[in-house]
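K.L.:
What follows is a single structure, and I will ask about it in a moment.
Protein chains: 4
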Amino acid sequence: MAIRLGQNRYGKSRVRLLRATRHDGWNEIKELTLAISFEGDFETVHTKGDNSKVLPTDTIKNTVYALARKHPMKSAEDFAMNLIGHFFSKNEYVSRVRVDAVEDLWTRILVDGKPHPSAFVRAGEEKRTALLDGTRDGVAIRAGIMNLIAMKTADSAFEGFMRDAYTTLKEDRDRIMATSIRARWLYDGMAIAFDSTWEGVKSALLEAFAGHKSESLQHTLYAMGEAVLAKFGQIREIHLSLPNKHYNLLNLSPFGMENPAEVFLPTDEPHGLIEGTVQRD
Amino acid sequence: MAIRLGQNRYGKSRVRLLRATRHDGWNEIKELTLAISFEGDFETVHTKGDNSKVLPTDTIKNTVYALARKHPMKSAEDFAMNLIGHFFSKNEYVSRVRVDAVEDLWTRILVDGKPHPSAFVRAGEEKRTALLDGTRDGVAIRAGIMNLIAMKTADSAFEGFMRDAYTTLKEDRDRIMATSIRARWLYDGMAIAFDSTWEGVKSALLEAFAGHKSESLQHTLYAMGEAVLAKFGQIREIHLSLPNKHYNLLNLSPFGMENPAEVFLPTDEPHGLIEGTVQRD
Amino acid sequence: MAIRLGQNRYGKSRVRLLRATRHDGWNEIKELTLAISFEGDFETVHTKGDNSKVLPTDTIKNTVYALARKHPMKSAEDFAMNLIGHFFSKNEYVSRVRVDAVEDLWTRILVDGKPHPSAFVRAGEEKRTALLDGTRDGVAIRAGIMNLIAMKTADSAFEGFMRDAYTTLKEDRDRIMATSIRARWLYDGMAIAFDSTWEGVKSALLEAFAGHKSESLQHTLYAMGEAVLAKFGQIREIHLSLPNKHYNLLNLSPFGMENPAEVFLPTDEPHGLIEGTVQRD
Amino acid sequence: MAIRLGQNRYGKSRVRLLRATRHDGWNEIKELTLAISFEGDFETVHTKGDNSKVLPTDTIKNTVYALARKHPMKSAEDFAMNLIGHFFSKNEYVSRVRVDAVEDLWTRILVDGKPHPSAFVRAGEEKRTALLDGTRDGVAIRAGIMNLIAMKTADSAFEGFMRDAYTTLKEDRDRIMATSIRARWLYDGMAIAFDSTWEGVKSALLEAFAGHKSESLQHTLYAMGEAVLAKFGQIREIHLSLPNKHYNLLNLSPFGMENPAEVFLPTDEPHGLIEGTVQRD
Numbered sequence: 048m049a050i051r052l053g054q055n056r057y058g059k060s061r062v063r064l065l066r067a068t069r070h071d072g073w074n075e076i077k078e079l080t081l082a083i084s085f086e087g088d089f090e091t092v093h094t095k096g097d098n099s100k101v102l103p104t105d106t107i108k109n110t111v112y113a114l115a116r117k118h119p120m121k122s123a124e125d126f127a128m129n130l131i132g133h134f135f136s137k138n139e140y141v142s143r144v145r146v147d148a149v150e151d152l153w154t155r156i157l158v159d160g161k162p163h164p165s166a167f168v169r170a171g172e173e174k175r176t177a178l179l180d181g182t183r184d185g186v187a188i189r190a191g192i193m194n195l196i197a198m199k200t201a202d203s204a205f206e207g208f209m210r211d212a213y214t215t216l217k218e219d220r221d222r223i224m225a226t227s228i229r230a231r232w233l234y235d236g237m238a239i240a241f242d243s244t245w246e247g248v249k250s251a252l253l254e255a256f257a258g259h260k261s262e263s264l265q266h267t268l269y270a271m272g273e274a275v276l277a278k279f280g281q282i283r284e285i286h287l288s289l290p291n292k293h294y295n296l297l298n299l300s301p302f303g304m305e306n307p308a309e310v311f312l313p314t315d316e317p318h319g320l321i322e323g324t325v326q327r328d
Numbered sequence: 048m049a050i051r052l053g054q055n056r057y058g059k060s061r062v063r064l065l066r067a068t069r070h071d072g073w074n075e076i077k078e079l080t081l082a083i084s085f086e087g088d089f090e091t092v093h094t095k096g097d098n099s100k101v102l103p104t105d106t107i108k109n110t111v112y113a114l115a116r117k118h119p120m121k122s123a124e125d126f127a128m129n130l131i132g133h134f135f136s137k138n139e140y141v142s143r144v145r146v147d148a149v150e151d152l153w154t155r156i157l158v159d160g161k162p163h164p165s166a167f168v169r170a171g172e173e174k175r176t177a178l179l180d181g182t183r184d185g186v187a188i189r190a191g192i193m194n195l196i197a198m199k200t201a202d203s204a205f206e207g208f209m210r211d212a213y214t215t216l217k218e219d220r221d222r223i224m225a226t227s228i229r230a231r232w233l234y235d236g237m238a239i240a241f242d243s244t245w246e247g248v249k250s251a252l253l254e255a256f257a258g259h260k261s262e263s264l265q266h267t268l269y270a271m272g273e274a275v276l277a278k279f280g281q282i283r284e285i286h287l288s289l290p291n292k293h294y295n296l297l298n299l300s301p302f303g304m305e306n307p308a309e310v311f312l313p314t315d316e317p318h319g320l321i322e323g324t325v326q327r328d
Numbered sequence: 048m049a050i051r052l053g054q055n056r057y058g059k060s061r062v063r064l065l066r067a068t069r070h071d072g073w074n075e076i077k078e079l080t081l082a083i084s085f086e087g088d089f090e091t092v093h094t095k096g097d098n099s100k101v102l103p104t105d106t107i108k109n110t111v112y113a114l115a116r117k118h119p120m121k122s123a124e125d126f127a128m129n130l131i132g133h134f135f136s137k138n139e140y141v142s143r144v145r146v147d148a149v150e151d152l153w154t155r156i157l158v159d160g161k162p163h164p165s166a167f168v169r170a171g172e173e174k175r176t177a178l179l180d181g182t183r184d185g186v187a188i189r190a191g192i193m194n195l196i197a198m199k200t201a202d203s204a205f206e207g208f209m210r211d212a213y214t215t216l217k218e219d220r221d222r223i224m225a226t227s228i229r230a231r232w233l234y235d236g237m238a239i240a241f242d243s244t245w246e247g248v249k250s251a252l253l254e255a256f257a258g259h260k261s262e263s264l265q266h267t268l269y270a271m272g273e274a275v276l277a278k279f280g281q282i283r284e285i286h287l288s289l290p291n292k293h294y295n296l297l298n299l300s301p302f303g304m305e306n307p308a309e310v311f312l313p314t315d316e317p318h319g320l321i322e323g324t325v326q327r328d
Numbered sequence: 048m049a050i051r052l053g054q055n056r057y058g059k060s061r062v063r064l065l066r067a068t069r070h071d072g073w074n075e076i077k078e079l080t081l082a083i084s085f086e087g088d089f090e091t092v093h094t095k096g097d098n099s100k101v102l103p104t105d106t107i108k109n110t111v112y113a114l115a116r117k118h119p120m121k122s123a124e125d126f127a128m129n130l131i132g133h134f135f136s137k138n139e140y141v142s143r144v145r146v147d148a149v150e151d152l153w154t155r156i157l158v159d160g161k162p163h164p165s166a167f168v169r170a171g172e173e174k175r176t177a178l179l180d181g182t183r184d185g186v187a188i189r190a191g192i193m194n195l196i197a198m199k200t201a202d203s204a205f206e207g208f209m210r211d212a213y214t215t216l217k218e219d220r221d222r223i224m225a226t227s228i229r230a231r232w233l234y235d236g237m238a239i240a241f242d243s244t245w246e247g248v249k250s251a252l253l254e255a256f257a258g259h260k261s262e263s264l265q266h267t268l269y270a271m272g273e274a275v276l277a278k279f280g281q282i283r284e285i286h287l288s289l290p291n292k293h294y295n296l297l298n299l300s301p302f303g304m305e306n307p308a309e310v311f312l313p314t315d316e317p318h319g320l321i322e323g324t325v326q327r328d
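Protein chains in written order, with my numbering: chain A, 48 to 328; chain B, 48 to 328; chain C, 48 to 328; chain D, 48 to 328.
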């Protein structure tokens, strides 16, 4: 039985970049970390050590910097489109180019209540993401958010679940629900207002999380996905990955105390993990 | 030459806690992670295995939860004061109690532009800290902030420095300056408005960072410390630890391009580290 | 256009476990961290908030502990098989159960050169992994290793690659090659000597890495995969993910020094990433 | 009340370095990450923006690479001594130079049971450390180890401790004890066989941990420190920092099962933390 190469890819990860734009003292910045990978006809690279079809990953990195200089950087999505176009035009052996971008978010420092023209502070713990998957036939664009940490102290229940011999969990009409939202959504086409849509989806996710009468984290996941699809017609589907970051009510009865939903133990180990896609039919 | 026990301490770290307060549907939350340590007369614990003077670290943890239930939690500083008072009153062998608190910051989710009564989102990547160092003679209270990430794209120079045989750095009148601010300040006494002062110091640090005509990160460190001491009479001294998170201008000349302060390489390895205390005479 | 639930799963992650086995003073330990997920008929959980088909993730966790007590724990693979069998027998709505195990490795402390019967030290930075993917039709068993960090200072070249306008990399017949090996391999069937095979694969990977005359990391990836398949007939395919952890030769000419492959700058940002599957035809 | 600069220092952190040494096909490697800091007469740097006394941190980094080329690298301690000597000879304003080194440990890959001449694998999760604190009067040399993870499943008790209203911990004659050893020891003078002493201290720490009849982690800390001082006359004192990484016996009685010290829950949050110095009188 012969041995052969199966699916494979190569590229450069953790390519970091800050792009500053300067207009008469009013500066703008965008900070990205990119992972770029190629698939294609690379069999003999592996089997024969023939590098003639391999663009070095060092060149992939250099291309990021050269193209960042050539083009204004409106959004990670736009920039990734430029990269994919460039790589396909120059590398006939490449059949798929993926660009995975993570953006560190900055906001202006307020001085006397006014946004400073050239000083910035990290906007939040969450990151904006973009994942573009390009073939010779087209590019699928997925935007996303990760590490958006949210909690609600009301309107969250978990009751009526299955029980077996190992079930000790109590029914709860009023628990804390907390998660770190990770979402990725697929756009229909490319003519998207990437920045305003991203802001809109972020708000829709948080508003749905806040307002939902939750029977489970699954139930809330669906409500969040539905809210996004209902509001943004150009989104085809959204995938949500929601860890259930447990805040367990502490039992203070050994100290002769009641605990009327006041003192909780936050814990990350173990955690539930709920994942699902909400999509148009 | 005999062998003996020198300085020693013990305690519990990573004690996590969420305190919720509920007023007719309007909820408040505070999330802390505590490290508590005791010093005292513990020599025979080490040398003889005699545990009769050792309050278990498990009890230290339980005490956190019991006292969180007993007292409203106005601030980490107030809560730590309660803990220290409790431990000294019950443990005659203890001569020093330290409480080191790190607070995860939450803000309300906005729904239709209005703060939600019971749903929250992480406020930022920065953490609020409090370090209380108590002896039988009194308690020193230090508040702080960490992981407050800031950048400026103008008004930062580094020139006129010493040069030796290994110096290759170029003088720069217009570089990017970025750091992750870690500050701790010592209060004069205990009658402090902890929350509003913390907010004020955070703003003062960011405003000084933004507005300073910087000749070096050391120069800006001093300006930041001075701004805080000038504004807050109840602060005796402030210690700042500022990594110089380099954003290096990329050399694009191999690609036939100029780079007029537009495309930068962010890097954390290596980084400068500038640390200093600014204090009243 | 209607909105509906797509692919989804739920479960418990970061379930940690130490299983000790005691034989007349000779103790054995196994430490695992598990992630378990279910797929199945869970649509109304999401869309209606109907929990009647949901086994709580808390119960999934409890089941791990109960079954760890019931069965001797020979290997992560055996234990995961027991878990999958249990969950399918009790939960008719579940169509797929995945168990992802990461094992922290321990070895005995040597005292006077002899293995201690009940004291252990962490064996290495690498982790042993097992991923079992069970449906009603059968279970696919993948074993693996991650974080196995290796370096070679000879027999590594990278030459003859493609060049374009952004290529500045020099050809190199004698570079350092370093990586953090992440491998997963698929077994043919279930009658496998899991422990000895894992040890054998680990050795085969390292020996192939060490002995290969490398023309690229892709070339070495293939040689490593081929070595494993050649030696272990019960392995159908192996997937390797190899970051190229660059050790860049430092240019010391500004200080009037040559650098004959002696002083290198290790860096993780950016890094190449080479991934591929080697399989039987 | 005037404002002034208090204690301050500056330097470069995360300076990474691999030094390879080649002897006719037999290669040796040493990988270090350094943090170097200067104290001295730097007041006007802060208060006036006068950089004339500041050697750039970029030059500090370059110096590491130049000196790594100039000198054979026998140990981190020797290399740090060279750095300190160099910096004092060239920088009259510097009164203190600290070098903090962390070494990633490598061992040779075995091929057919024999150590390979030029291929290496990470030796363990632990790191070797060296901290040299130099003034114009001399250098204090501290060696150390961190992240050395150890566990014992016998000979560990915790009984007879203090109890108060919040104590719920049960006495235990037979618990699991686990920790991540962090140790730093101070040498008497500089004429030390750094490599063999480090190996000896590591063994002595592990052997003492393994063999001790422990009444508490404090008790074992002292035994470990005493064992090192008894064996190595050139060590003046040793500081140990030992987190108590709890492995809690799981209560399986809700499932109708006993748990005779077989199934444990490992947890890092919260953890005890025991710290102490053992020294010669």
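Quick reminder that beta carbons are idealized off the backbone N, C-alpha and C, glycines included.
1) Going by the CB atoms, is the gap between G258 (chain B) and G323 (chain D) shorter than 9 angstroms?
2) Go ahead and label P162 (chain B) buried or exposed: buried means 16 or more other beta carbons lie within 10 angstroms of its beta carbon, across all protein chains shown.
3) Which complete beta strand (DSSP E) runs does the segment 106-157 of chain D hold, if anything under 3 residues is left out?
4) Give me whichever residues DSSP pairs with W245 (chain C) in a beta bridge.
5) Which one of D:K260, D:E246, D:N306 and D:L264 has the shortest CA to CA distance from F279 (chain D)?
6) Determine whether the Cβ of R56 (chain D) lies closer than 9 angstroms to any Cβ atom of chain B.
7) What span of residues does the alpha helix (DSSP H) with G21 (chain A) cover, start to end?
8) Going residue by residue through the segment 163-237 of chain B, where are the continuous beta strand (DSSP E) segments of at least 3 residues, counting only ones entirely within it?
9) If you check the beta carbons only, do R169 (chain D) and A82 (chain D) fall under 9 angstroms apart?
10) For N295 (chain B), which of A:I50, A:R51 and A:L64 has the nearest alpha-carbon?
11) Since E90 (chain D) is in the alpha helix (DSSP H), which residue starts that stretch and which ends it?
12) Give the DSSP-derived three-state secondary structure of T104 (chain D) in the structure shown.
13) Should T215 (chain B) go down as buried or exposed, given a rule of 16 or more other Cβ atoms within 10 Å for buried?
14) Cα-Cα, which of C:A270, C:F134, C:L79 and C:P119 is closest to P103 (chain C)?
15) Out of A:K217, A:M224 and A:A274, which one is the CA nearest neighbour of D36 (chain C)?
16) With C-beta atoms as the reference, is S288 (chain C) less than 9 angstroms away from A230 (chain C)?
17) In chain A, which residues lie with their C-beta within 7 angstroms of the C-beta of P301 (chain D)?
18) Counting only C-beta atoms, is E86 (chain D) closer than 9 angstroms to chain A at any point?
19) How would you call H15 (chain C), buried or exposed, if buried means at least 16 neighbouring beta carbons within 10 angstroms?
20) Check S99 (chain C) in the structure and name its three-state DSSP category.
21) With DSSP collapsed to three states, give me the class of L329 (chain C).
22) With distances taken between CB atoms, is the gap from W153 (chain B) to M209 (chain A) smaller than 9 angstroms?
23) Along the segment 204-234 of chain C, what residues have a CB closer than 7 angstroms to any CB found in chain B?
24) Please classify E206 (chain C) as buried or exposed, where buried requires at least 16 other C-beta atoms within 10 Å of its C-beta.
25) Which class does E78 (chain D) belong to by DSSP, given the choice of helix, strand or coil?
26) Rounded to whole angstroms, what's the CA-CA distance from A11 (chain A) to Y234 (chain A)? Just pull it up for me.
27) Show which residues of chain B have a CB atom less than 8 angstroms away from the CB atom of T376 (chain C).
P.N.:
Let me lay it out:
1) no
2) Flag for P162 (chain B) reads exposed.
3) none
4) Answer is none; W245 (chain C) lacks a bridge partner.
5) It is D:E246.
6) yes
7) Summary: the structure shown does not reach residue 21 (chain A), with chain A confined to residues 48 through 328, and so no result is reported for it.
8) 185-199 and 224-234
9) no
10) A:L64
11) E90 to K95 is the span of the alpha helix (DSSP H), which, as asked, contains E90 (chain D).
12) helix
13) exposed
14) C:F134
15) Residue 36 (chain C) is absent from the model: chain C starts at 48 and stops at 328.
16) yes
17) Chain-order list of chain A residues neighbouring P301 (chain D): T215, by C-beta distance under 7 angstroms.
18) no
19) Given that chain C is displayed from residue 48 to residue 328, the structure contains no residue 15 (chain C) and the question cannot be resolved.
20) coil
21) Residue 329 (chain C) is absent from the structure shown; chain C starts at 48 and stops at 328.
22) no
23) Cβ contacts with chain B come from A212, Y213 and T215.
24) exposed
25) strand
26) For chain A, the structure presents residues 48 to 328; residue 11 (chain A) sits outside this window and is missing.
27) The structure shown has nothing for residue 376 (chain C), since chain C only spans 48 to 328.
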